[in-house]
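Numbering (this note's numbering), first residue to last: 1269 to 1378. Positions of the beta carbon are idealized from the N, C-alpha and C atoms, including for glycine. Just so we're clear, the structure is a prediction, and the values are computed from it rather than from any experiment. Encoded as structure tokens, the structure appears first; notes follow it.
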Amino acid sequence: MNESEFRLHLRIETTVLEIWISQGWVVPEVTDEGRSFREADIARGRLILDLSKAMGVNEPGVDVVMDLVDQLHSLRATLRDLADAVRRQPPDVQEHILSELTRVESLKWR
1269 MNESEFRLHL
1279 RIETTVLEIW
1289 ISQGWVVPEV
1299 TDEGRSFREA
1309 DIARGRLILD
1319 LSKAMGVNEP
1329 GVDVVMDLVD
1339 QLHSLRATLR
1349 DLADAVRRQP
1359 PDVQEHILSE
1369 LTRVESLKWR
């Protein structure tokens, strides 16, 4: 979706969007036609609005939350890649990895 549609969807002003982009909270794709936004950007925008408007979180707080959200998404992607790599291993290697994981997890609770 284009910039105008994005702002209309979230009911935000151009100045607000510029702040979000300058903070790196929303990173649109830049095309020949201008900036393009994805559904993920809408979700991020809704979160930013919830944090700032509904919860009263200030800009530094929003920055921390958005950084944590990005880290969480990155870790989930890494975990998905790791799980795929384990699935591609022979069954005995998979069993060894799962056994070690169980052993390590049991040490956490001591």
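Around the CB of ASP1318, fewer than 16 other CB atoms lie within 10 Å, so the residue is classed as exposed. The bridge partners DSSP lists for ARG1344 come to none. Looking at the backbone, the Cα of ASP1349 and that of ASP1335 are separated by about 21 Å. For GLY1313, the uninterrupted alpha helix (DSSP H) run begins and ends at 1307 to 1317, by DSSP.
For the pair of segments examined, the segment 1292 to 1308 was found to touch the segment 1270 to 1279: the number of CB pairs separated by less than 8 Å reaches three.
Listed as beta-bridge partners of ASN1326 by DSSP are no residues whatsoever. Taking a contact to require three or more Cβ pairs closer than 8 Å, the segment 1357 to 1367 and the segment 1320 to 1335 do not qualify as touching.
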